[in-house]
Amino acid sequence: FLTFEGDLKWDHMDLTYRVMNYSPDLDRAVIDDAFKRAFKVWSDVTPLTFTQIYSGEADIMIMFGSREHGDGYPFDGKDGLLAHAFPPGRGIQGDAHFDDDELWTLGTGLVVKTRHGNANGADCHFPFIFEGRSYSRCITEGRTDGLPWCATTASYDHDKKYGFCPSELLYTNGGNSDGAPCVFPFVFDGTSYNACTTDGRSDGYRWCATTSNFDQDKKYGFCPNRDTAVIGGNSQGDPCVFPFTFLGQSYSSCTSQGRQDGKLWCATTSNYDTDKKWGFCPDRGYSIFLVAAHEFGHSLGLDHSSVREALMYPMYSYVQDFQLHPDDVRGIQYLYGHGSGPEPTAPAPVPTEEPQPLPTEAGSTSTTEEEEEETLEPTAEPIPVDPSQDACVEKNFDAITEINGELHFFKDGKYWTLSSFWDSGIQGAFSIADAWPGLPAVIDAAFQDVLTKRVFFFSGRQFWVFSGQSMLGPRGIEKLGIGKEARRISGALQRGRGKVLLFSGESYWRLDVKVQRVDKGYPRATDDVFTGVPLDARNVFLYQDKYYFCRGSFYWRMTPRYQVDRVGYVKYDILQCP
Amino acid sequence: PLQSKPQAVVTFPGELVSGLSDLELAENYLLRFGYTTAVEARTGSKRVSLAKALRKMQKKLGLEETGELDATTLEAMRAPRCGVPDIGT
């Protein structure tokens, strides 16, 4: 991760934000909810709080705009630049701007939220059946008032569930008319208008009068985009007109004819050849939630990350079940500290020359209903370990995991460490019992929780939790909610935000570390997600943001996008044995 | 069925047709996102400074550091992204 020069950050934790205007692409409620969820991404892992205000100067002012929008950093039309934001501070600092020449969605295509009707504001269901015909957009069929509507289930004929689509005939956004719909025709500047217009404005937003005469009444509002609204082109926001004529041919749907990039477009009048009015048809669009979460990272003091899977990576990529990456968590906690944990901390001091095997650091206070912590004196005399024993003679390892930035290789009461920061090669052998008194000689798996730094060890159906010098356990893994089918845990993958995947046999569970219970809906089959790796892996661990599955002398490395990008030798590639 | 006649390609009015060459696109990108400064872009030997800036960008974005304007790098330059520079203020 990176912070801005001088570690720019807010000097208070209770931040305010204000949405200055809304994109016509989405219902206002959808945008508000997306921004709220985007701020929650950061408040979940820090002491920060975010409150929306509706007037006055907020810490983080949010606006939509296109091209030059008032800050000297113009946007660039559809695609390319999506948004930008300024680091913490007064005035424009901390603000976030979104390019409204983009199609803002939740990342998987248009979100058409209905109003009125009998579906309580449910989204349109495309396609839907009406009077035996299938429709993939809002229609006015079946009505005489021309109001576009849609079914909110797959079949209106069957379910009779419907709602009205965003349309200037139903309501307007902003302006000074409290959402009143447009009145057509209306007079503006002596001219009569039968549709929304951008005339009179330089920001490209479409508006209309909400009385028949703007010159006289000065009452207006901004037009919501219809589901067939085009993006970019020279008619941003205007609805497609079907059928339309292009190069003498008639088209009743969007086409890529006339283009080399395959993008779908349509005319916004009935004849492109004469009027040359056009725009791009809606595509998957960009997730306002994901882009906002990224931009708010900047507003809080994070610069771009080099980790491809991190939220703060500069390029956009849609992910379905978003999880904040450990790199993002480390960055934001570097600035603002943990949730209920200690104050913001400066970067950890450079470790001493000889990195000694450290038991875990003190974890933060935990809210789990843990039994009384106990500090166990070692029960049996620890087995003396010959420090000259060589990791390279081992055929495999009981467990492998990263603790305090160093890979640990455990085998029969011994362990070795390998630091990615130091090229000092393998350190050890060290005694497990010296570092973690009370642990058995043979362990099956281990992981360090990213947030609290506590280290969990598993052996058979038991587990231990080390937090600084104190240890809790052994306890049965059934306390975590893991059933009898799991005879042993073979590995763990930290997933950020206090979740860890625990692997056993051909299944895995998702553990909520804070409450120390596995989430509902687990176990799941490993093969469903982690396709292409050995299902009976002996070790599973996270290292440098990639997933490692080891069996025999080999490892399979997988990216967080679940692609196996390398298969190699544990000994020669990871341990770097000669 | 294949188009009976060659597909006509139309220049659409109001479209930001980036008539930029790949090299111009790259120079604009590297300047805009802080991988090179206007001064460097003007002075110094173009080739050396371009390769150096490309390598810096490829490292930052986790691409293979070739110092060349290869397909992967061009694709990354065309990908939708945040407008905040990757290097500098």
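Going line by line, the protein sequences match chains A and B. With my numbering applied, the first sequence corresponds to residues 1003 to 1580, in that order. With my numbering applied, the second sequence corresponds to residues 179 to 267, in that order. Note that beta-carbon positions come from the ideal geometry of N, C-alpha and C, so glycine has one too.
Below the 7 Å Cβ cutoff, chain A contributes Ser1308 and Arg1310 as neighbours of Gly240/B, in chain order. Closest option to Pro1389/A, judged by alpha-carbon separation, among Val1232/A, Gly1430/A, Asn1120/A and Phe1246/A: Gly1430/A.
Residues of the segment 1258-1269 of chain A with a Cβ closer than 8 Å to any Cβ of chain B, in chain order: Gln1259, Gly1260, Arg1261, Gln1262 and Trp1267. Counted as a single uninterrupted DSSP element, the alpha helix (DSSP H) harbouring Gln1335/A occupies residues Pro1328 to Tyr1338.
Asn1120/A sits exposed, since fewer than 16 C-beta atoms from the chains shown fall within 10 Å of its C-beta. For Asn1398/A, no beta strand (DSSP E) segment is defined, and its DSSP state is neither H nor E. Inclusion of Lys1416/A and Val1387/A in the CB contact set at 8 Å is warranted, their separation being smaller than that value. Going by DSSP, Gly1067/A is part of the beta strand (DSSP E) stretching over Ile1062 to Gly1067. With respect to Gln1496/A, Leu1544/A sits close: the two C-beta atoms are nearer than 8 Å. Per the C-alpha coordinates, the member of Glu205/B, Phe211/B and Thr189/B positioned closest to Tyr1075/A is Phe211/B. Straight-line measurement puts the Cα of Phe1041/A at about 18 Å from the Cα of Leu1010/A. Inter-segment contact for the segment 1036-1051 of chain A and the segment 1323-1338 of chain A is present: three or more beta-carbon pairs are separated by less than 8 Å. Within chain B, no residue has its beta carbon less than 9 Å from that of Pro1328/A; the closest one is some 16 Å off. Taking 8 Å as the CB threshold, Gly245/B stays off the interface with chain A.
Annotated as proximal: Asp1414/A and Val1444/A, with beta-carbon spacing under 8 Å. Contact between Ile1062/A and Tyr1024/A is absent: CB atoms are separated by about 16 Å, not below the 8 Å threshold. The shortest C-alpha to C-alpha distance from Ser1506/A to any of Phe1532/A, Gly1523/A, Leu1537/A and Gly1498/A is the one to Leu1537/A. Boundaries of the alpha helix (DSSP H) harbouring Trp1044/A: Arg1030 to Ser1045, taken from the DSSP string. C-alpha of Gly1523/A to C-alpha of Ile1484/A: approximately 12 Å in a straight line. Residues of chain B whose Cβ lies closer than 9 Å to the Cβ of Met1317/A are, in chain order, Leu239, Ala254, Ala257, Pro258, Arg259 and Cys260. Counting along the chain, Ala1294/A sits inside the alpha helix (DSSP H) bounded by residues Ile1290 to Leu1302. Taking a contact as a CB-CB distance under 8 Å, the pair Arg1092/A and Asp1229/A does not count as one, their CB atoms being some 41 Å apart.
Taking 8 Å as the cut-off, the Cβ atoms of Thr1257/A and Tyr1274/A do not count as close. Between the segment 256-264 of chain B and the segment 1307-1317 of chain A there are three or more inter-stretch CB-CB distances shorter than 8 Å, so the stretches are counted as touching. Look at Asn1120/A: its C-beta is not under 8 Å from any C-beta on chain B. Judged by their CB atoms, Gln1450/A and Thr1419/A are not nearer to each other than the 8 Å cut-off. Per the DSSP secondary-structure output, Tyr1019/A pairs in a beta bridge with Gln1054/A and Ile1062/A.
In terms of Cα proximity to Thr1454/A, the closest of Ile1405/A, Gly1462/A and Pro1183/A is Ile1405/A. Taking 4 residues as the shortest admissible run, the segment 1148-1217 of chain A contains the following complete alpha helix (DSSP H) segments, listed from N- to C-terminal end: 1158-1161. With distances taken between CA atoms, Arg1563/A lies nearest to Val1309/A out of Ser1179/A, Val1309/A and Val1517/A. By the neighbour-count definition (other C-beta atoms within 10 Å, threshold 16), Pro1168/A is a buried residue. In this structure, Ile1491/A keeps its C-beta atom at 8 Å or more from the C-beta atom of Phe1468/A.
With contacts defined as CB atoms closer than 8 Å, Lys1279/A and Ser1237/A qualify as a contacting pair.
Taking 8 Å as the threshold, the shortest C-beta distance from Trp1280/A to chain B falls below it. For Phe1282/A, the closest C-alpha among the options Thr1276/A, Lys1516/A, Gln1259/A and Ile1033/A is that of Gln1259/A.
Under the 8 Å criterion on CB atoms, Leu1084/A is classed as interfacial with respect to chain B.
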